[in-house]
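Visitor:
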Amino acid sequence: MSAIAHGDGQRHGDHPPAAHASSRVPPVLVGMYLFIASEAMLFGSFFAAYFFARVSVGAETWPPEPFELPVFLALLNTIILVTSSFTIHWALQSIKRDDRAGLIAGLGLTFLLGLAFLLIQAREYTRLGFSPRDLGFGSTFYGLTGLHGLHVFVGLTLLAIAFVRAVRGHYSARNHQGVELPGIYWHFVDVMWIVVYTTVYVI
Amino acid sequence: MAVEALKHGHGTAQRPAAPRGLRRLTRGGWLRALWTTPLGFGLATALVCGIRWAAGWEPIWELQVLLTAWTIITPLAFLAGMGAFDYWAYWVSGRRTRPEDHSGHGADSWRDYLRVNTDHKVIGVQYVVTTFGFFLIAGLLALFVRAELAQPGSQFVDTQGYNGLVSAHAALMIFLFIVPVFAGFGNYVIPLMIGAPDMAFPRLNALSFWLLPIAGGTMLAGFLLPGGQFAAGWTNYPPLAEVNPVGNLMFQMGVQFAGASSILTALNFLVTIITMRAPGMTFWRMPLLVWANFTTSLLVVLATPFIAGSQFMLLLDRVLHTNFFVPDAAGYAIGYQHIFWFYSHPAVYIMILPGFGIISEVISTFARKPIFGYRLMALSLVAILILGFAVWAHHMFVAGMAPWLRIPMMVTTLLIAVPTGIKVFSWLATLWEGKLNLKTPMLWALGFILMFVIGGLSGVYLGSVTIDQHASDTYFVVAHIHYVLFGGSVFTIFAGAYYWFPKMTGRMYDERLGYVHFWLTVIGFNLTFFVQHYVGLQGMPRRVADYDPSFASWNMLSTIGAFTLGAGTLVFVYNLLVSWLRGSPAPANPWRARTLEWLVSSPPPKFNFEEIPTVVGGPYGYGVPGARHAVFNGDRAGTAEPEEVGAR
């Protein structure tokens with residue numbers, strides 16, 4: 251992987267010999283997958299707390315009386331987020347064909363969909379009728395959805411950076427890791443939401 | 034500091050010229066950190082007080098909330114000042130990235146060890162020195178504890194102060210010594226062992242190190258707070274953790290920094306090992322130390338988020354008054370213990386597997402024999418990795434958890450003795466009829482096997498539900514943990530420290546003082562902890578500042594042992610410091626070992642290898658005719674006989 255060791259191959263002074271690439275997958279991708287595995291486990295700890303509050307404490311109904319969850323509003327949010335996974339994929343496929351307009355449009359759309367998700371969630375929070383202080387139920391609900399919202403925020407930040415760089419023409423068919431990495435992260439945020447939604451709202 | 038970085042083949046490093054005047058305040062380094070750190074502190078204060086004032090919350094000056102903001106924002110401001118984020122800030126700003134000029138790489142003077150440095154060898158030394166500093170501090174705390182326990186009754190601390198001492202001793206030893214010191218050794222030797230010029234993500238590596246002093250500083254700062262140090266033990270169980278004074282926050286925040294550091298380093302190790310091995314270095318030719326760090330890193334990446342999550346939830350419970358673990362409001366307090374141990378049981382393997390790796394290297398080298406059952410040694414690491422996730426609730430047999438969970442957890446716990454036993458028998462079989470070379474690292478390795486087997490056996494006792502119910506929360510558990518963590522992990526750390534000292538510093542240590550250190554430690558250690566098995570089974574409870582007078586003489590013995598141990602540690606520190614300054618120069622390969630780090634000079638050149646070696650065989654071919662681990666054949670490609678290296 252001479253790219254890691256050498257930057258663009260210019261020599262400014264001391265340089266290491268290029269490391270031998272012992273994997274076909276670039277290091278940054280391996281790193282990203284491992285980071286996501288770690289993130290999934292962080293969600294795991296919050297899921298654990300959720301199920302303890304739900305199963306071990308043994309509430310009679312879930313959500314416990316008198317609370318209710320806006321299942322259909324959250325379904326709308328789910329649809330928005332799943333759509334954004336397709337748009338980011340479109341952005342990546344576009345730049346692989348050197349189609350910069352498609353890249354910019356795809357990134358922009360993804361960003362807007364993600365932003366819509368966050369705004370709807372914020373609106374939902376203000377109208378739920380319970381706070382994180384209401385029982386273990388409230389804490390674990392806000393814990394899981396809030397942790398996910400935080401990840402959407404981080405994903406949006408990465409997308410915004412990628413968008414700016416895309417507009418400035420930093421990406422090409424040969425060089426698009428700056429799109430691919432936020433893309434992988436965004437897919438993770440999306441898949442995680444499907445799990446959170448199914449657990450918290452549906453079942 | 035004896036680091037004469039060898040000049041590399043083509044040209045010299047062109048570091049940017051040292052800035053003068055006010056420019057020095059804006060370039061990453063201590064001078065910039067000197068103003069960004071107070072700035073961050075002020076910002077955090079203004080943020081908290083401003084929000085509380087605007088929202089009309091009383092009181093505006095709320096220490097617990099302020100501490101939370103301080104311990105998050107101030108360290109980040111410090112890191113930004115040091116320049117840990119400079120490259121990423123440049124990337125985020127949307128400008129075109131610059132080619133890496135390696136200006137942050139390597140050390141020409143001692144000052145280069147005190148800045149954000151991207152060289153894995155410099156970071157390795159930074160890690161090891163820093164963590165040994167925390168080892169001395171935490172050891173000092175242990176001596177306070179033993180002094181208090183020398184006699185029944187209260188000597189010089191009150192009960193809360195005593196709990197603070199015990200908690201800080203454990204937290205520092207675990208999160209700031211044993212876990213990260215292995216990351217330090219790994220940092221130094223893994224890239225060398227696999228034939229890589231550096232780690233995969235050098236800047237991330239630098240950040241990982243600098244998170245560590247922050248974690249330690251945060252935890253130690255707890256001693257200065259009103260109400261004293263965090264005092265709910267290193268396990269920090271609620272509800273005690275949620276009602277204790279504010280010092281408790283310092284554990285929660287310190288653990289977050291230490292955990293982030295260890296996740297990032299583990300991720301770096303994994304990527305480095307997966308993507309940067311030298312040609313021919315297949316997984317089945319990797320030294321066992323690399324295997325050990327590979328499995329450990331997987332554990333870290335997958336388990337550490339659980340302690341992060343548990344401490345986040347505790348923090349929310351304390352500061353935002355949520356109810357994750359509050360039984361009165363339909364939270365589940367024992368849930369904390371499950372989440373905590375789901376990390377902290379794998380964590381005991383995080384604290385011993387790299388040590389297993391060190392012992393494998395040392396024993397094979399100093400017995401002059403190939404390691405017995407190499408593949409099974411590697412696979413047993415993987416078995417421990419998998420089983421390690423399935424035993425956590427054996428820490429909770431008496432906690433009031435679901436009773437049906439006990440038997441499965443007991444079975445998996447006893448099962449884990451199988452792969453561990455494989456390792457012990459493999460080491461013994463390697464020693465069998467070997468030509469033992471009893472240098473200091475080998476002494477520690479032999480001592481380790483003996484001590485670890487004792488600790489392992491008491492672990493099997495405690496793993497069985499019936500005995501655990503009797504021995505839980507007694508000094509029997511204290512004895513067990515110290516036999517596996519001190520007699521186990523710390524002995525391997527000493528073995529590793531002596532083994533790689535010549536490679537890391539370019540100097541030889543004093544063999545005689547190494548012997549003195551070893552024997553003082555072995556005698557002091559057993560005196561301290563062996564008696565605790567007995568008093569524990571007699572019912573002396575742990576984590577209590579006072580005890581029944583009938584245990585007085587045993588405890589006095591234990592205290593004498595602890596101070597002997599302390600004296601041994603002073604010999605160690607003296608030996609290494611003086612040898613580092615004035616020891617005789619070390620040859621490239623003083624132990625006639627065969628792994629790749631011994632192919633290069635001591636200390637290694639700035640970029641490790643002039644040319645990446647080609648690996649042609651396993652690393653432990655001692656005494657095997659014609660066996661070789663690696664060759665350099667770049668310039669001689671095509672010639673009949675590649676130059677043999679490493680085998681003598």
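Order-wise, the sequence lines are chains A and B. In this text, residue positions in the first sequence follow the numbering used here: the first is 251, and each later residue adds one. In this text, residue positions in the second sequence follow the numbering used here: the first is 34, and each later residue adds one. In this text, a Cβ means the ideal position worked out from N, Cα and C, and glycines have one as well.
Would you call the CB atoms of B:G594 and B:L560 closer than 8 Å?
Guide: Here the question's residue 594 of chain B lines up with position 561 in the second sequence. Here the question's residue 560 of chain B lines up with position 527 in the second sequence. At the C-beta level, B:G594 and B:L560 come within 8 Å of one another.
Visitor: Please check the pair B:H153 and B:Y221, which I expect to be a contact at CB under 8 Å, by giving their CB distance rounded to whole angstroms.
Guide: Translated into the one-based positions of the second sequence, residue 153 of chain B becomes position 120. Translated into the one-based positions of the second sequence, residue 221 of chain B becomes position 188. Beta-carbon to beta-carbon, B:H153 and B:Y221 are separated by about 7 Å, close enough to satisfy the 8 Å threshold.
Visitor: Bridge partners for B:P360 per DSSP, in chain order?
Guide: Indexing the second sequence from 1 puts residue 360 of chain B at position 327. Answer is none; B:P360 lacks a bridge partner.
Visitor: Closest by CA to B:H662, which one among B:W631, B:G651 and B:Y655?
Guide: Here the question's residue 662 of chain B lines up with position 629 in the second sequence. The candidate whose alpha carbon is nearest that of B:H662 is B:G651.
Visitor: Along the alpha helix (DSSP H) that carries B:G73, what are the first and last residues, could you check?
Guide: Numbered from its first residue, the second sequence carries residue 73 of chain B at position 40. Where B:G73 is concerned, the enclosing alpha helix (DSSP H) stretches over W63 to A88.
Visitor: Under 8 Å between the Cβ atoms of A:A299 and B:M346?
Guide: For the purposes of this step, residue 299 of chain A is taken as residue 49 along the first sequence, with counting starting at 1. For the purposes of this step, residue 346 of chain B is taken as residue 313 along the second sequence, with counting starting at 1. Yes, they are a contact pair.
Visitor: Report the residue from B:T69, B:H371 and B:E544 whose alpha carbon sits nearest the alpha carbon of B:N269.
Guide: Along the second sequence, one-based indexing puts residue 269 of chain B at 236. Cα-wise, what sits closest to B:N269 is B:H371.
Visitor: Which bits of chain B does A:F361 rub up against, with CB to CB less than 7 Å?
Guide: Taking the first sequence and counting its residues from 1, the one referred to as residue 361 of chain A is at position 111. Here the premise fails: no neighbours, minimum Cβ distance about 15 Å.
Visitor: Considering A:I370, what are the terminal residues of the alpha helix (DSSP H) in which it resides?
Guide: Mapped onto the first sequence, residue 370 of chain A falls at position 120. It spans R350 to R377 - the alpha helix (DSSP H) in which A:I370 sits, taken as one unbroken run.
Visitor: Tell me, please, which residues DSSP counts as bridged to B:V648.
Guide: Along the second sequence, one-based indexing puts residue 648 of chain B at 615. B:V648 pairs with B:A663.
Visitor: Quick one: residues in its chain with C-beta nearer than 6 Å to the C-beta of B:T101, no 5 flanking neighbours on either side, listed in chain order?
Guide: Residue mapping note: residue 101 of chain B aligns to position 68 of the second sequence, counting from 1. Within the same chain, B:T101 has close Cβ partners V352.
Visitor: Determine which residues of the region 306-317 of chain B have a Cβ less than 8 Å from any Cβ of chain A, and write them out in chain order.
Guide: I307, T308, M309, R310, A311, P312 and M314
Visitor: For B:Q97, which residues of its own chain have a beta-carbon under 7 Å away from its beta-carbon, when the five flanking residues on both sides are left out?
Guide: Numbered from 1 along the second sequence, position 64 holds the residue referred to as residue 97 of chain B. Excluding positions up to five away in sequence, the list reads V279, L282, R351 and V352.
Visitor: What are the complete alpha helix (DSSP H) segments, minimum 4 residues, inside the region 362-389 of chain B?
Guide: 366-383
Visitor: Which stretch, first to last residue, makes up the alpha helix (DSSP H) that contains A:T448?
Guide: Locating residue 448 of chain A in the first sequence gives position 198, counting from the first residue. Note, A:T448: premise wrong, no alpha helix (DSSP H); not H, not E.
Visitor: The region 112-134 of chain B: which residues have C-beta closer than 7 Å to a C-beta of chain A, in chain order?
Guide: Cβ contacts with chain A: V125, G127, R129, P132, E133 and D134.
Visitor: Buried or exposed: B:N301, going by 16 or more other Cβ atoms within 10 Å of its Cβ?
Guide: Taking the first residue of the second sequence as 1, we reach residue 301 of chain B at position 268. Label assigned to B:N301: buried.
Visitor: Taking its Cβ as the centre, do 16 or more other Cβ atoms sit within 10 Å of B:L297, making it buried, or is it exposed?
Guide: Position 264 of the second sequence, counting from 1, holds the residue named residue 297 of chain B. It counts as buried.
Visitor: Report the three-state DSSP secondary structure of B:P582 (helix, strand or coil).
Guide: As a first step, residue 582 of chain B must be located in the second sequence, where it is residue number 549. Note: B:P582 maps to helix in three-state DSSP.
Visitor: Would you mind telling me which residues of chain A sit closer than 9 Å to B:S295, beta carbon to beta carbon, in chain order?
Guide: Here residue 295 of chain B is taken as the residue at index 262 of the second sequence, counted from 1. Here the premise fails: no neighbours, minimum Cβ distance about 11 Å.
Visitor: Does A:D258 come within less than 8 Å of chain B when only Cβ atoms are used?
Guide: Your numbering for residue 258 of chain A matches position 8 in the first sequence. Because the pLDDT of A:D258 is 38, which lies under 50, any placement of that residue in the model is unreliable, and the number read from its coordinates should be weighed accordingly. By this cut-off, A:D258 is an interface position.
Visitor: How about B:G228 and B:M115: are their beta carbons less than 8 Å apart?
Guide: By 1-based counting over the second sequence, the position of residue 228 of chain B is 195. By 1-based counting over the second sequence, the position of residue 115 of chain B is 82. No, Cβ-Cβ distance for B:G228 and B:M115 is not below 8 Å.
Visitor: Determine, using beta carbons only, whether A:T390 comes closer than 8 Å to chain B.
Guide: By one-based count along the first sequence, residue 390 of chain A stands at place 140. Closer than 8 Å to some Cβ of chain B, the Cβ of A:T390 qualifies, so yes.
Visitor: Going straight from the alpha carbon of B:A673 to that of B:L632, what length do you get?
Guide: Here residue 673 of chain B is taken as the residue at index 640 of the second sequence, counted from 1. Here residue 632 of chain B is taken as the residue at index 599 of the second sequence, counted from 1. Note that B:A673 scores 37 on pLDDT, short of 50, meaning its location in the model is unreliable and no value can be drawn from it.
Visitor: Return the chain-ordered list of same chain residues with a C-beta closer than 6 Å to the C-beta of B:M34, the five sequence neighbours on each side being excluded.
Guide: Walking along the second sequence from the start, residue 34 of chain B turns up at place 1. Any reading at B:M34 needs caution, since the residue's pLDDT is 33, under 50, leaving its predicted position unreliable; the model's value is listed next. So the qualifying residues of the chain are W143.
Visitor: For B:P92, count neighbouring C-beta atoms within 10 Å of its own C-beta (all shown protein chains included) and say buried if the count is 16 or more, exposed if not.
Guide: In the second sequence, counting from the first residue as 1, residue 92 of chain B sits at position 59. Its Cβ having fewer than 16 others within 10 Å, B:P92 is exposed.
Visitor: Is it true that the CB of B:S634 sits closer than 8 Å to the CB of B:A621?
Guide: Along the second sequence, one-based indexing puts residue 621 of chain B at 588. Along the second sequence, one-based indexing puts residue 634 of chain B at 601. Contact flag set, yes.
Visitor: By Cβ distance below 7 Å, which residues in the same chain neighbour B:G492 in space, the five residues on each side in sequence not counted?
Guide: Reading the second sequence from its first residue, position 459 is the one you call residue 492 of chain B. Around B:G492: H513 and V517.
Visitor: By the three-class DSSP mapping on this structure, what secondary structure does B:R576 have?
Guide: In the second sequence, counting from the first residue as 1, residue 576 of chain B sits at position 543. Coil, per DSSP.
Visitor: Using only CA atoms, which one of B:R60, B:S377, B:E394 and B:F290 lies nearest to B:L629?
Guide: Within the second sequence, the letter at position 596 stands for residue 629 of chain B. Comparing Cα-Cα distances from B:L629 to each of B:R60, B:S377, B:E394 and B:F290, the minimum goes to B:E394.
Visitor: How many Å lie between B:S413 and B:L448 at the Cα?
Guide: Along the second sequence, one-based indexing puts residue 413 of chain B at 380. Along the second sequence, one-based indexing puts residue 448 of chain B at 415. Going from the Cα of B:S413 to the Cα of B:L448 covers about 12 Å.
Visitor: With a Cβ-Cβ cutoff of 8 Å, do A:T328 and A:Y447 count as a contact?
Guide: Within the first sequence, residue 328 of chain A is the residue found at index 78, counting from 1. Within the first sequence, residue 447 of chain A is the residue found at index 197, counting from 1. Yes. Within cutoff.
Visitor: With 16 as the cutoff for other CB atoms within 10 Å, does B:Q502 come out buried or exposed?
Guide: Along the second sequence, read from residue 1 onward, the residue named residue 502 of chain B stands at position 469. By the 10 Å Cβ count, B:Q502 comes out exposed.
Visitor: Report buried or exposed for B:W317, applying the criterion of at least 16 other Cβ atoms within 10 angstroms of its Cβ.
Guide: Locating residue 317 of chain B in the second sequence gives position 284, counting from the first residue. It counts as exposed.
Visitor: Hey, out of B:V288, B:F242 and B:F527, whose CA is closest to B:Q159's CA?
Guide: For the purposes of this step, residue 159 of chain B is taken as residue 126 along the second sequence, with counting starting at 1. B:Q159 has its Cα closest to that of B:F242, out of B:V288, B:F242 and B:F527.
Visitor: Could you check which residue in A:L394, A:L359 and A:M442 has the C-alpha nearest to that of A:Y375?
Guide: The residue labelled residue 375 of chain A in the question sits at position 125 within the first sequence. Taking only the C-alpha atoms, the option nearest A:Y375 is A:L394.
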